[in-house]
Amino acid sequence: MKKAIVFSGQGSQFTNMGKEFLTSHMVEIANKVLGYDVLEILENKNNELNDTYYTQPMIALVSIAIYDKCKAYIDADAFLGFSLGEYVALYASGIYDFETILKIVKKRSELMQKASVGNKGKMAAVINLDETIIKNICDSISEQLNEVLVIANYNSKNQIVISGTYDAIELASQKLKEAGAKRVITLNVSGAFHSPLMKQAGKELKEYLSRIPQITTTKSVYLNTTAMPLNQNELLERLEEQIQSPVYFYQSIEQMIKDGYTHFIEMGPGTVLSQLIKKNYPEVMVNNIEKIEDFINLRG
Numbered sequence: 007m008k009k010a011i012v013f014s015g016q017g018s019q020f021t022n023m024g025k026e027f028l029t030s031h032m033v034e035i036a037n038k039v040l041g042y043d044v045l046e047i048l049e050n051k052n053n054e055l056n057d058t059y060y061t062q063p064m065i066a067l068v069s070i071a072i073y074d075k076c077k078a079y080i081d082a083d084a085f086l087g088f089s090l091g092e093y094v095a096l097y098a099s100g101i102y103d104f105e106t107i108l109k110i111v112k113k114r115s116e117l118m119q120k121a122s123v124g125n126k127g128k129m130a131a132v133i134n135l136d137e138t139i140i141k142n143i144c145d146s147i148s149e150q151l152n153e154v155l156v157i158a159n160y161n162s163k164n165q166i167v168i169s170g171t172y173d174a175i176e177l178a179s180q181k182l183k184e185a186g187a188k189r190v191i192t193l194n195v196s197g198a199f200h201s202p203l204m205k206q207a208g209k210e211l212k213e214y215l216s217r218i219p220q221i222t223t224t225k226s227v228y229l230n231t232t233a234m235p236l237n238q239n240e241l242l243e244r245l246e247e248q249i250q251s252p253v254y255f256y257q258s259i260e261q262m263i264k265d266g267y268t269h270f271i272e273m274g275p276g277t278v279l280s281q282l283i284k285k286n287y288p289e290v291m292v293n294n295i296e297k298i299e300d301f302i303n304l305r306g
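Shown next, in the form of structure tokens:
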């Protein structure tokens, strides 16, 4: 049975997530690299966890801690991360070490936050409407307003996320409901991620990554932007694209199933990805690990 591990993205965070998986050594390194007390941030007393600057490093840290705890018991052949989770997948594959990946995620969160302040926007999930209709409405509104509005995440065939300026999202919500969408839900994120409004962030991230050495891996990492395994020679270009391009999640899962993967394990806070896979691909085995009990149950 070919196993794949899937890592959560931004939006899955919750207070005290994954604290039981963190070792004192990991906390010490994370505090030093990130420049703040990670346990304090995880307690979320001042709602910091919903601030992109903190959200991304915290989800990455917790997901890595869960993976490190489980890796001796779960022999995975491939990795897939949703947006931010792609960086955890790069860590799990061995391309970047723990300290390096935290530095990269910190930089990414800073750049995305900066881009969000300069180009205000938001995201919304569209439920039960054909993606061709969604794309046509986005293109029409974008042209009408001369503002950014694009599909950002292909979560499943029945759940598509759009990203763009405030006005464009507001108008789209109305038009998509008129076109038959069951619901249009504004997401709790601080910017128009995976859209051209993040272009400058992508450019600066690539420049930053160009100075960081990579380790060659033999593991497969399926990419958000292509839904295919990574060619490591193209990693910097793909990561620059990823920050401003759609996440092809369901297409990645379908490609992995075609490639023979039959067991998917989500590691990280929340169960969004495992639920999506379970609901849409009943032929495969699906688990998630976000609590110690999940780890004990899966380990047996």
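Going by this note's numbering, the sequence shown opens with residue 7, and the numbers climb by one from there.
Glycine included, every Cβ here is placed at the ideal spot set by N, Cα and C.
Review point. Quick one: Cα of I157 to Cα of T231, how far?
Key: 13 Å
Quiz item: Who pairs with T268 in a beta bridge, going by DSSP?
Solution: Partner(s): none; T268 has no beta bridge.
Review point. Are A121 and Y97 close, meaning C-beta to C-beta below 9 Å?
Key: no
| Going by alpha carbons, who is nearest to L5 out of Y60, H200, E184? | Residue numbering for the chain in the displayed model covers 7 to 306; residue 5 lies beyond these limits and cannot be assessed.
Can you grab the Cα-Cα spacing for the pair M32 / L86, in whole Å? 23 Å
**Study point:** Beta bridge counterpart(s) of R189 as assigned by DSSP
**Key:** I133
Give the range of the alpha helix (DSSP H) segment to which V12 is assigned.
Per DSSP, V12 belongs to no alpha helix (DSSP H); it is in the beta strand (DSSP E), 8–13.
query = Taking the alpha carbon of P63 as the point to measure from, which residue in N22, I107, A82, F88 has its own alpha carbon closest?
reply = I107
Using three-state DSSP, classify K128 as helix, strand or coil.
strand
Checklist entry - Sorted by chain position, which residues of the same chain lie with C-beta nearer than 7 Å to K75's C-beta, five sequence neighbours on each side aside? => result F27, F301
(Q) So, for K212: in the same chain, excluding its five sequence neighbours on each side, which residues have a beta-carbon less than 6 Å away from its beta-carbon? (A) L242, E246
Exercise for review: Could you pull out every residue in the same chain whose Cβ sits closer than 6 Å to the Cβ of G266, ignoring the five residues on either side in sequence?
Suggested key: K8
Where V123 falls: helix, strand or coil (DSSP): helix
- Applying the criterion that 16 or more other CB atoms from any shown protein chain within 10 Å of the CB defines a buried residue, is R244 buried or exposed? buried
By Cβ distance, which residues of its chain are closer than 6 Å to N22, with the 5 residues on each side in sequence left out? L48
Can you tell me whether S30 is buried or exposed, with buried defined as 16 or more other CB within 10 angstroms of its CB?
exposed
Bridge-paired residues (DSSP) for A84: A10, S226
Between Y228 and I140, what straight-line distance do the alpha-carbon atoms span, to the nearest angstrom? 25 Å
| said: Tell me the rounded alpha-carbon separation between R217 and V68. | reply: 26 Å
Extent of the continuous beta strand (DSSP E) to which N294 belongs
291–295
Three-state secondary structure (DSSP) of G170:
strand
Please go through the same chain and pick out, in chain order, the residues whose beta-carbon is closer than 6 Å to the beta-carbon of A84, but skip the five residues on each side of it. A10, S226
Residue of G15, I70, G127 minimising C-alpha distance to F104
I70
Next item on the list: Put M273 into one of helix, strand or coil per three-state DSSP.
Entry: strand
Paired residues, beta bridge with Q165 - DSSP: I133, S162
Q) With distances taken from CA atoms, which of Y73, I259, G41 is nearest G274? A) Y73
**Start-end ranges of the alpha helix (DSSP H) lying completely within the stretch 21–96, minimum 4 residues** = 30–40, 44–49, 58–76
**Asked** My guess is that K205 and Q250 are in contact by the Cβ rule of under 8 Å, so how many angstroms apart are they, rounded?
**Response** 5 Å
| said: Please classify K128 as buried or exposed, where buried requires at least 16 other C-beta atoms within 10 Å of its C-beta. | reply: buried
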